[in-house]
Each structure stands twice: as C-alpha cells, then as structure tokens.
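All remarks here apply to the structure that follows.
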C-alpha cells in the first residue's frame, strides 16, 4: 500500500511520527496525523484545513487540552524537585530515544526511533487507500489521508474538529475538489 | 527547571490536586524505569530471582509482572 503514497503523503506519515515524538507520545494516533497534515504548509489539504481555522497552532492547542500532560506530568514532578527532562535525557542516553515514553527500548527491536501507530491511525491510512480508489486515483495523496481521517470518524483528531466546530461536510467536499484539481 | 523558591512553594502546597498529580506522575515514572531496568537485566542474563532481590519483591511478583506477553514494554492502551 505504501508504494502508492505520493511523496507528500509519505511526508505526512513520517511527520506524524515526528509530531508524536515531540509530544512524548509512545504511539502515533489520529491527532498526530492531523497535526502533520496541517503542518505541511502549502499542501492542498493543509490549505483546505487552514481555511477552516485548522492551523498547527490551533490544532496543537486542542490536542493539548485533551491529552494534557498525560500520565507523566513534568510540571507536577517539578513540585517534587524532579526535572523530568533531565531524567528523560539520562534514560535515553542509556536505553535509546523514546525509551521513557514507551517507545521501543531500541537495542532489541532494531527499530530505533520508530513509534508504532495506534489501530485507529492505521485504519485511517487504510481508509485513505479506499478514498483514493473511490476517487479513481492511482496514488494516495495527502488529501486522501485527510479524507481517511474524516471517514474513520472517531479518535482524537475528530474530537478536535468537532470541538472547533468544523463543518465536516464542507471540508470533505473541498478536499475532494482540491484532489481533482 | 523552575527556580527553587517556586518549587518550595509548590511542594508545600496544600492543594490535593497538585500533590496527587505529582504522586501519580512519580508512580508512572517509577513503573517505566522499572520496566526498562528489568528488561535490561534480563537482556544481560539476570535471573528473575536476582532481579526480585534487588527490587525488594518476591520472584513470583516480578515474574508475574514482566515475564508474560511480549515483554515488559507492552502497553495496556
């Protein structure tokens, strides 16, 4: 399936890994796909999403509101005199990147730096293929991933869209138009 | 890291939300460090008995917690 992804679509998938890493998440979820989509300035889907108020800053803010600091709250630990960043640095120096955040411990897996996708995020990528087929496209572009995200319909990304009052039908329509342009 | 005065203020806070959140984060941190260390010890050929002794728990406890499934780093989510 991945061989059908356009260069830009691949960048979205790789970018989602980067977004997850930045947020110290052990998994790549739908919210990281969405963040990656809006971060690709100049791409067709980013333009459509931006027109509906979905910029990287606005989406990141909404995601943070849901995820919060997660199970590992750096600010809370600071109240105990523990510097989470310092702990993370030392643990990663010994066990590899992402070790403290549930990522692969590195040495055994041989997949250093790879963060696994949640089942829902995988489903989004599968659905992007289906969207491409439905639109009679031989390749899967970033817009198809965005449509896959909407088709999947659940997950944190959709909660963010719902919270921001995004007109999903309009986004869907505009994404399709942009893909056929 | 915040300056010492700030930390001291927060640490002496009577707000349960602050204290409980800190405790929860600390517990998560301990769990993750334990999983990494246990995995590392196993990789280096340590027995469950040796690991349990240093962790101050029974061999059964550490074995039950880490020996099943696909390794200690499996996540529940």
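Protein chains in written order, with this note's numbering: chain A, 14 to 194; chain B, 11 to 87.
Even for Gly, the Cβ is constructed at its ideal location relative to N, Cα and C.
- Out of 129(A), 166(A) and 91(A), the CA that lies nearest to the CA of residue 29(B) is found in 91(A).
- Going by beta carbons, residue 158(A) and residue 25(A) fall inside the 8 Å limit.
- At a cut-off of 8 Å between beta-carbon atoms, residue 113(A) makes contact with chain B.
- With 16 or more neighbouring CB atoms inside 10 Å of its own CB, residue 154(A) falls in the buried class.
- Judged by DSSP secondary structure, residue 70(A) falls within the alpha helix (DSSP H) whose first and last residues are 69-80.
- With distances taken between CA atoms, residue 29(A) lies nearest to 48(A) out of 172(A), 166(A) and 48(A).
- According to the DSSP secondary-structure assignment, residue 128(A) is paired through a beta bridge with no residue.
- Collapsing the DSSP output to three states places residue 41(A) in a strand.
- Contact of residue 84(A) with chain B is assigned, a C-beta pair being separated by under 8 Å.
- Between the region 159-176 of chain A and the region 65-77 of chain A, the count of C-beta pairs closer than 8 Å reaches three or more; the two stretches touch.
- Between residue 85(A) and residue 38(B), the C-beta gap is smaller than 8 Å, which places the two residues in contact.
- For residue 100(A), the nearest CB of chain B lies under 8 Å from its own CB, placing it at the interface with that chain.
- Among the residues of chain A, none has a CB under 9 Å from the CB of residue 52(B); the nearest is roughly 10 Å distant.
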